[in-house]
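Novice: Take the sequence shown: its letter number 90 is residue 297 in the working numbering, and every next letter is one higher.
The structure follows.
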Amino acid sequence: MSSAFLATAVLLGSSAVMAFVLQPSDVEPAAGRPHRCPGESWQSVRKGLLEALGLRTEPRLAAGALDGVREQWQRTFSSISHRVLNPASPTVSPPSQEAGNSTGPRCCPVTSQVFMKDLGWDTWVIQPPSLTLVQCALCSAAGHTVPCPPPPAGAQPPPCCQPSSLEMVPVLYMDQFSTLVISSVQLPRSCGCGPGGMAAECVGH
Numbered sequence: 208m209s210s211a212f213l214a215t216a217v218l219l220g221s222s223a224v225m226a227f228v229l230q231p232s233d234v235e236p237a238a239g240r241p242h243r244c245p246g247e248s249w250q251s252v253r254k255g256l257l258e259a260l261g262l263r264t265e266p267r268l269a270a271g272a273l274d275g276v277r278e279q280w281q282r283t284f285s286s287i288s289h290r291v292l293n294p295a296s297p298t299v300s301p302p303s304q305e306a307g308n309s310t311g312p313r314c315c316p317v318t319s320q321v322f323m324k325d326l327g328w329d330t331w332v333i334q335p336p337s338l339t340l341v342q343c344a345l346c347s348a349a350g351h352t353v354p355c356p357p358p359p360a361g362a363q364p365p366p367c368c369q370p371s372s373l374e375m376v377p378v379l380y381m382d383q384f385s386t387l388v389i390s391s392v393q394l395p396r397s398c399g400c401g402p403g404g405m406a407a408e409c410v411g412h
């Protein structure tokens, strides 16, 4: 059994899965990052990822503790097929044609990437170097995102424009006991109106 196959089997068999939606903040740690709708802070992004990984706090490791381990596992992970998106700018997928020729707002996935280095997690996370985040947002018929208004206080989000599919993403890290841990998280990959629906026009919202 090859090391790549074994790693894949462990990833799928020992994962601690928890689905969550991340809405990155418009406060960026470095220039040149894509624009994102006002939402959760970077601390909230960290909190969501920690909860998904079953961690209460970030593991604290000595500087350089991962150098040799990271190089070894990078060779293993390079043989495992996984999706990588260009982080240069957010990508708005074309709205679905299911809604006909209406010019009303649609539900579109807006993708961007959060790098472990930006989160300050490159000292304990081995793979992946970044995670692709999908935010479900209203967009025009031409595919341009609609400005994100602040939600009313105490209001429940409408059923329209929600994640309609998830993808399990493996995460390899070293905990505070210097033990390698393989886990996984589920991240939204597409958006739609209603549970499991295809992207369509949002009516009555």
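Every residue, glycine too, gets a C-beta built ideally from N, C-alpha and C.
Just so we're clear, the structure is a prediction, and the values are computed from it rather than from any experiment.
Report the three-state DSSP secondary structure of A362 (helix, strand or coil).
Specialist: In the sequence shown, counting from the first residue as 1, residue 362 sits at position 155. With a pLDDT of 48 at A362, under the threshold of 50, the modelled position of that residue is not reliable, and no figure is offered here.
Novice: I need the boundaries of the alpha helix (DSSP H) containing W253, first residue and last residue.
Specialist: Residue 253 sits at position 46 when you count from the first residue of the sequence shown. According to the sequence as given, residue 253 is Arg; it is not Trp. R253 -> alpha helix (DSSP H) spans W249 to A259.
Novice: With a Cβ-Cβ cutoff of 8 Å, do P377 and S391 count as a contact?
Specialist: In the sequence shown, the residue the question calls residue 377 occupies position 170. In the sequence shown, the residue the question calls residue 391 occupies position 184. Yes, the Cβ-Cβ distance between P377 and S391 is below 8 Å.
Novice: Identify, in the order they occur along the chain, each residue of the same chain with its Cβ nearer than 6 Å to the Cβ of S372, setting aside the five sequence neighbours on each side.
Specialist: Stepping through the sequence shown from its first residue, residue 372 is reached at position 165. Here the set comprises R396 and S397.
Novice: Go through its chain and collect everything with a Cβ distance to E278's Cβ below 6 Å, but skip five positions before and after it.
Specialist: Taking the sequence shown and counting its residues from 1, one reaches residue 278 at position 71. Excluding residues within five positions, none has a Cβ falling inside 6 Å.
Novice: Tell me whether the beta-carbon of L326 lies closer than 8 Å to the beta-carbon of R253.
Specialist: Residue numbering aside, residue 326 sits at position 119 when the sequence shown is read from its first letter. Residue numbering aside, residue 253 sits at position 46 when the sequence shown is read from its first letter. Yes, they are a contact pair.
Novice: For M381, which residues in the same chain have their Cβ closer than 8 Å to its Cβ, ignoring the five residues on either side in sequence?
Specialist: Position 174 of the sequence shown, counting from 1, holds the residue named residue 381. Excluding residues within five positions, the ones whose Cβ falls inside 8 Å are P266, L268, A272, L273, V276, W331, I333, L387 and V388.
Novice: Are the CB atoms of T339 and L256 within a distance shorter than 8 Å?
Specialist: As a first step, residue 256 must be located in the sequence shown, where it is residue number 49. As a first step, residue 339 must be located in the sequence shown, where it is residue number 132. Going by C-beta atoms, L256 is not nearer than 8 Å to T339.
Novice: Would you mind sorting G399 into buried or exposed? The rule is 16 or more other CB atoms within 10 Å of its CB.
Specialist: What you label residue 399 is simply residue 192 of the sequence shown in a count that begins at 1. Classification for G399: buried.
Novice: Kindly indicate which three-state DSSP category R263 falls into: helix, strand or coil?
Specialist: Position 56 of the sequence shown holds residue 263. Correct three-state label for R263: coil.
Novice: Just the Cα atoms here: how many angstroms apart are T318 and Q342?
Specialist: Here residue 318 corresponds to residue number 111 of the sequence shown, with the count starting at 1. Here residue 342 corresponds to residue number 135 of the sequence shown, with the count starting at 1. Taking the straight line joining both Cα atoms gives about 6 Å.
Novice: Quick one: grab the DSSP three-state call for L338.
Specialist: Looking up residue 338 in the sequence shown gives position 131. Three-state result, L338: strand.
Novice: Would you tell me roughly how many angstroms separate the C-alpha atoms of P167 and W328, rounded to the nearest one?
Specialist: In the structure displayed, the chain extends from 208 to 412; residue 167 sits before or after that span and is not available.
Novice: If we ignore side chains and look at the alpha-carbon of each, how far apart do G261 and V321 end up?
Specialist: On the sequence shown, position 54 is the one that residue 261 refers to. On the sequence shown, position 114 is the one that residue 321 refers to. Approximately 19 Å, taken between the alpha carbons.
Novice: From S385 to C315, what does the alpha carbon distance come to, in whole angstroms?
Specialist: For the purposes of this step, residue 385 is identified with residue 178 of the sequence shown, where counting begins at 1. For the purposes of this step, residue 315 is identified with residue 108 of the sequence shown, where counting begins at 1. Distance between the alpha carbons of S385 and C315: 41 Å.
Novice: Among K324, M375 and T283, which residue has its Cα nearest to the Cα of W249?
Specialist: In the sequence shown, counting from the first residue as 1, residue 249 sits at position 42. Looking at the Cα atoms, K324 is the closest of the given residues.
Novice: Relative to the alpha-carbon of Q369, which residue among Q383, S251, R313 and S337 has its alpha-carbon at the smallest distance?
Specialist: If you number the sequence shown from 1, residue 369 lands on position 162. Among Q383, S251, R313 and S337, the Cα nearest to that of Q369 is on R313.
Novice: Helix, strand or coil: which one does DSSP assign to Q383?
Specialist: Working through the sequence shown from its first residue, we reach residue 383 at position 176. Here Q383 sits in coil by DSSP.
Novice: In angstroms with no decimal places, state the Cα-to-Cα distance between R263 and S251.
Specialist: Position 56 of the sequence shown, counted from the first residue, corresponds to residue 263. Position 44 of the sequence shown, counted from the first residue, corresponds to residue 251. Cα-Cα distance, rounded: 13 Å.
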